[in-house]
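Okay, structure first, notes after.
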Amino acid sequence: MIEERARMLSNHPAGKNAHLLRLHAPSISGQTKPGQFVQVSCDPGKLLLRRPYSILDNRDGSVSLYVKRVGNGSNWLCERKQEEVLDLMGPLGNGFPLPPPGRHMLVGGGSGLASLGILCRLLAEAGGEVDVLMGFRTPEEIPGAVLDAFSRFCRSLTLVVEKGDFPVKGTAVDQVRQQNLEKYDEIYCCGPMGMLKALAPLLHGRGALVSLEARMGCGTGVCFGCTIPTRNGGKRVCLEGPVFCMDEVIWDEI
Amino acid sequence: MKSDLGVELGGLGRLESPVLLSSGTFGTATPYLKMLQDQPVGAVCTKTITPLPKNGNPQPRILEGPSSLINSIGLENPGIDAFVRGFEREYASLPFVHIVSISANAPGEFVHLVERLNELRTPRAIELNLSCPNVDSEGLAFGNSPEKIGSVVRECARISRFPLVAKLSPFQSIDPSFALAAQEGGAAALALINTIPAMVLDIHQFRSALGTLSGGLSGPAIRPVALKMVYEISHAVHIPVIGMGGISSGEDAIEFLMAGASAVSLGTMNLVKPTLPSAICACIHDFLVEHEMENVGEISRRFDGLQSPREP
Chain A
1 MIEERARMLS NHPAGKNAHL LRLHAPSISG QTKPGQFVQV SCDPGKLLLR
51 RPYSILDNRD GSVSLYVKRV GNGSNWLCER KQEEVLDLMG PLGNGFPLPP
101 PGRHMLVGGG SGLASLGILC RLLAEAGGEV DVLMGFRTPE EIPGAVLDAF
151 SRFCRSLTLV VEKGDFPVKG TAVDQVRQQN LEKYDEIYCC GPMGMLKALA
201 PLLHGRGALV SLEARMGCGT GVCFGCTIPT RNGGKRVCLE GPVFCMDEVI
251 WDEI
Chain B
255 MKSDLGVELG GLGRLESPVL LSSGTFGTAT PYLKMLQDQP VGAVCTKTIT
305 PLPKNGNPQP RILEGPSSLI NSIGLENPGI DAFVRGFERE YASLPFVHIV
355 SISANAPGEF VHLVERLNEL RTPRAIELNL SCPNVDSEGL AFGNSPEKIG
405 SVVRECARIS RFPLVAKLSP FQSIDPSFAL AAQEGGAAAL ALINTIPAMV
455 LDIHQFRSAL GTLSGGLSGP AIRPVALKMV YEISHAVHIP VIGMGGISSG
505 EDAIEFLMAG ASAVSLGTMN LVKPTLPSAI CACIHDFLVE HEMENVGEIS
555 RRFDGLQSPR EP
């Protein structure tokens, strides 16, 4: 865990209202485990708190971030140019454990899919079979460049879209409902809270892991701003998470 | 000339750095401590401990505003029993001087907490949180009159093995009556200021934007308010004042020292930049050298308010 000045290597649009950022941050990159995140200082002097972003990829001394425009911080980030320097703190959070090779399903929605990127690659490189299922609201939101982080490693990549012209219509939850879940050794999810709440009963008892997004104060475990209720008491998303056992989280109380 | 960044904090003794870390923003989580190692920190203050464990408030607990943060954490903590059990493992080996922050609902409960802390060896002091805006009554109940502040401090001081720091907030008024009551009750130092009670509404949902009705405001936005309170109170009491409230740079810290604080403490900015103490100490050091001062205490002695004509 360190603070690192990171130079922007590239910044490209990735679907509607989102960007894929690649930053040169060799120290953070070298320590990153799948599912961890960085705290990014956005518009310093104007915005007070850092913003947490999952690390989509960490190859070649860089970290890649998938940033959706949702407010002042993300808008500022999306507008940074090549060679600009950002202040990152990380890697943070527990991350995903890496199980023995097997059959894995990754379910992602919206910006949540970023936390599954490194996991997909490492599972595949370890000899596992990875099926990826991703849901988007509209076809325009599909972030082609971000999908590369998955499509090059997974066995199958299924995209599903809620509204608009697209071959597979519906939600990621609909798709999970149609799957034969028995064939998977491990299931991993990340996405909007509505999606996760709908998935929780479908995946109950299967040992599924979920990576949560949260509004954070510090990101380092000291402020207790991101505590969520679990069956084992309150847990900090930034420290004891962001990865939790799906069945451990008390979804009704979030 | 060698400048000394150490400060004498009355009954608390000497601290090697004038920069402290405020309650609720220091913790022993590993990622944070890694960032903090080698930082010149005079002392750290634990999260406030209450008699019983507290789960804290519902989400959302954190809102960012212009140069500010509103929190309604709600004193989430494991309670005094678990704190004392884990203390040796968690705090005693820390490379930092530590102060334990406590809060409770009744004078007898405060006394009970102090009795439990008397079992410990290593704390430098106990901070009485008499001003947390985020719980129904803890702290705040005692905050509403100088008499109550005085009596809680007095009862704790009677039995405490450790010097007491009374933490106050501007809602207790900027006049020094509360601070004087704490001083007369036996406080060894004052911590000024706690967060300021504040609200944000979600107008589209006709409800509070926080998980609770209101929270506590902190960050650079409250700095001038804190500075005024530090100035007024430090000139009315004879015990040292630890100044805090939105300090985010060396210049900010010097401002508080000049207004009369004997030391400063970082809260909100400590969440954002745990490596701030070294930058602040470097700035204070340069300032002392530039103005040919030997120690931090000289900064406030040079301050003359509006006495001398302003330089053109």
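Protein sequences, first through last, are from chains A and B. All the letters of the first sequence, read from the start, carry residue numbers 1 to 254 under the numbering used here. All the letters of the second sequence, read from the start, carry residue numbers 255 to 566 under the numbering used here. Glycine residues also receive a C-beta, built at the ideal position from the N, C-alpha and C atoms. Quick caveat: nothing in here was measured; it's all calculated off a predicted structure.
A direct Cα-to-Cα measurement between L434 (chain B) and V479 (chain B) gives close to 19 Å.
Between the C-alpha atoms of D292 (chain B) and R152 (chain A) there is a straight-line separation of about 43 Å.
With a cut-off of 8 Å on Cβ pairs, the stretch 106 to 113 of chain A is in contact with the stretch 188 to 198 of chain A, counting three or more such pairs. R461 (chain B) is bridged by DSSP to B:D456. One finds L47, L48 and L49 in chain A with Cβ atoms closer than 8 Å to the Cβ of E318 (chain B), taken in chain order. Neighbours of I327 (chain B) across chain A, judged by C-beta separation under 9 Å: G217, C223, F224, G225 and T227.
Listed in chain order, the positions of the stretch 273 to 302 of chain B with a beta carbon within less than 8 Å of a beta carbon of chain A are G278, T279, F280, G281, A283, T284, P285, Y286, K288, M289 and K301. DSSP, read as helix, strand or coil, puts T158 (chain A) in strand. Beta-bridge analysis with DSSP links K421 (chain B) to B:N383 and B:A445. With 16 or more neighbouring CB atoms inside 10 Å of its own CB, H19 (chain A) falls in the buried class. For T529 (chain B), a Cβ of chain A is located within less than 9 Å of the residue's own Cβ.
Per DSSP, the unbroken beta strand (DSSP E) holding Y188 (chain A) starts and ends at E186 to C190. For the C-beta of R315 (chain B), the chain A residues within less than 9 Å are, from N- to C-terminus, R215, G217, C223, F224, G225, C226 and T227. For the options A:H204, A:G233, A:I142 and A:N58, the alpha carbon positioned closest to that of A14 (chain A) is the one of A:I142. Within the same chain, Cβ atoms closer than 6 Å to the Cβ of T376 (chain B) are found at A346, the five residues on either side in sequence being excluded.
Bounds of the beta strand (DSSP E) holding Q39 (chain A) are F37 to V40. By a beta-carbon distance limit of 8 Å, G90 (chain A) does not contact K33 (chain A). Their separation comes to about 11 Å. Taken in chain order, the whole beta strand (DSSP E) runs of length 3 or more contained in the stretch 456 to 538 of chain B are 469 to 472, 495 to 498 and 517 to 520. Under the Cβ criterion of 9 Å, R236 (chain A) is counted among the residues facing chain B.
For R315 (chain B), there is no enclosing beta strand (DSSP E), as DSSP marks it with neither H nor E.
The contact set of L92 (chain A) on chain B, defined by CB atoms closer than 7 Å, consists of P285 in chain order.
Look at T220 (chain A): its C-beta is under 9 Å from a C-beta on chain B.
In this structure, C299 (chain B) and I353 (chain B) form a Cβ contact; the two beta carbons are roughly 5 Å apart against a cut-off of 8 Å.
Annotation: Y286 (chain B) is outside any beta strand (DSSP E); the continuous alpha helix (DSSP H) that includes it extends over T284 to L290. Between S54 (chain A) and G135 (chain A), the gap from beta carbon to beta carbon reaches 9 Å or more. Residues of chain A whose Cβ lies closer than 8 Å to the Cβ of G473 (chain B) are, in chain order, L48. For L202 (chain A), the closest C-alpha among the options A:H24, A:R177, A:L209 and A:C218 is that of A:R177.
Interface annotation, G310 (chain B): in contact with chain A, CB-CB separation under 9 Å. Uninterrupted alpha helix (DSSP H) stretches at least 4 residues long and entirely within the stretch 336 to 387 of chain B occur at 361 to 371, given in chain order.
DSSP places K183 (chain A) in the helix class (H, G or I) of the three-state scheme.
Taken through DSSP and simplified to helix, strand or coil, P26 (chain A) comes out as helix. In the three-state scheme derived from DSSP, where H, G and I count as helix and E and B as strand, V550 (chain B) is classed as coil. Ranked by Cα distance from S519 (chain B), the first of B:L542, B:L481 and B:H489 is B:L481. Excluding sequence positions up to five before and after G465 (chain B), its CB lies within less than 8 Å of the CB of N311, P312, Q313, P314, R315 and S326, all in the same chain and listed in chain order. The Cβ-Cβ distance between Q175 (chain A) and V161 (chain A) does not fall below 9 Å.
With fewer than three CB-CB distances shorter than 8 Å, the stretch 223 to 243 of chain A does not count as touching the stretch 68 to 80 of chain A.
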